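Written below as structure tokens is the structure these notes are about.
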Amino acid sequence: MSETPALYLDNLSRRYGEIEVLAGAQLTLWPGEAVALVAPSGAGKSTLLHLAGLLETPDAGEVYIAGQPTRALADNARTALRRHHIGFVYQFHHLLPEFSAQENIALPQMIAGLGRAEASARARELLAYLGLEARARHRPAELSGGEQQRVAIARALANAPRLLLADEPTGNLDPKTADHVFATLSALVKASRVAALIATHNMDLAARMDRRVTIREGQVVEFD
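Convert by adding 9 to the 1-based position in the sequence shown; the result is the number in my numbering.
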């Protein structure tokens, strides 16, 4: 491919005390690609996501976001890169309970410098795309679990990031709701051309992604 990878993990190593979690791990994600990260607990999934999301710094190796090396960046530069280029979705939605669905999606845009009117308009567009336009004024407690998670996905994509990192985004949902939320996530990935790395234990959902990778002996390896 001639385009720049959204994420390139180059020879990453990470150790906690005597435990070596990653040892020369490599991974490339391209725009518009959804990659499933499937590995048992303790294999290093969270570590890999934290390094990719610039929440931790590798002991060795480099994390490239849209072609930019990040390891030597100052904290404020890493924060700015996360704010503008990386979206996060977690197993629990982490929506702010005192704000409506629309406000939860608008807030990260306003923090990034967008005006209130423009941020609110984009939030409404995302909610309409997700079929939640009628729920825009509802607070999280007034939404179902699936609706809450779809709002969390919209919030993660509100600033049009290059990279989306999701940690068990359907883990708290029943199978039917999980399938619907995943379909929404997949559609947004393709429509926005964001690259998505999605940690999941759900093999049915993993099978529907573009690629599947796991962590074995500190390395990221692909599997069918």
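For each residue, glycine too, the CB sits at the ideal point set by N, CA and C. Just so it is clear, the structure is predicted and the values come from calculations on it, not from any experiment.
For V229, does the three-state DSSP call read helix, strand or coil? Residue state for V229 is assigned as strand, using DSSP reduced to three classes.
Taking only the alpha-carbon atoms, compute the straight-line gap between M10 and E107 and give it to the nearest angstrom. Residue placement at M10 is flagged as unreliable, the pLDDT there being 47, under the threshold of 50; a coordinate-derived value is accordingly withheld.
For the putative contact between A163 and L182, defined by C-beta atoms under 8 angstroms, what is the C-beta separation to the nearest angstrom? Contact doesn't hold; Cβ gap of about 16 angstroms is too wide.
Can you list the beta strand (DSSP E) stretches of 3 or more residues lying completely in the stretch 122-181, in chain order? Within the stretch 122-181, the complete beta strand (DSSP E) runs of at least 3 residues are 172-176.
Counting C-beta neighbours from all protein chains within 10 Å, is the total for V230 16 or more, i.e. buried, or is it exposed? V230 is exposed by the Cβ-count criterion.
Indicate the three-state DSSP secondary structure (helix, strand or coil) for E29 in the structure shown. Three-state DSSP puts E29 in a strand.
My output table needs one value for R202: the three-state DSSP class, helix, strand or coil. The three-state secondary structure of R202, taken from DSSP, is coil.
What's the gap between the Cα of Q35 and the Cα of G53? Rounded to whole angstroms, Q35 and G53 show a C-alpha spacing of 13 angstroms.
What do you reckon, are the CB atoms on A215 and A45 nearer than 8 angstroms? With a cutoff of 8 angstroms on beta-carbon distance, A215 and A45 are scored as near each other.
Cutoff 7 angstroms; reference D188; Cβ partners in own chain excluding five residues on either side: For D188, where only same-chain residues beyond five positions count, there are no Cβ hits under 7 angstroms.
How is P117 classed by DSSP in three states: helix, strand or coil? The answer is helix: DSSP assigns P117 an H, G or I state.
DSSP on F97, reduced to helix/strand/coil? F97: strand per DSSP, three-state reduction.
Checking the sheet assignment: what are the DSSP bridge partners for E71? Beta-bridge pairing links E71 to D19.
Are the stretch 27-41 and the stretch 216-226 touching by the rule of at least three beta carbon pairs closer than 8 angstroms? The count of Cβ pairs closer than 8 angstroms, one atom from the stretch 27-41 and one from the stretch 216-226, reaches three, so the stretches are in contact.
In the DSSP assignment, find the unbroken alpha helix (DSSP H) run with A215 in it and report its ends. Start and end: M212 to A215.
With respect to the alpha helix (DSSP H) encompassing A61, which residues constitute its N-terminal and C-terminal limits? It spans K54 to A61 - the alpha helix (DSSP H) in which A61 sits, taken as one unbroken run.
Out of G155, P184 and L104, state which residue places its alpha-carbon closest to the alpha-carbon of A165. Of the listed residues, the one whose Cα sits closest to A165 is L104.
Please name the residue in P67, D84, L141 and R87 whose C-alpha comes closest to that of V190. For the residues P67, D84, L141 and R87, the minimum Cα distance to V190 belongs to L141.
Could you name the residues of the same chain whose beta carbon sits closer than 8 angstroms to that of D219, not counting the 5 residues immediately before and after it, in chain order? Only E42, A43 and V44 meet the Cβ criterion.
Where do the N-terminal and C-terminal ends of the beta strand (DSSP E) with R105 fall, by residue? Before going further, note that residue 105 is Leu rather than Arg in the sequence given. Per DSSP, L105 belongs to no beta strand (DSSP E) and is neither H nor E.
Run through DSSP, which three-state label would P49 get? In the structure shown, P49 sits in coil (DSSP, three-state: anything other than H, G, I, E or B).
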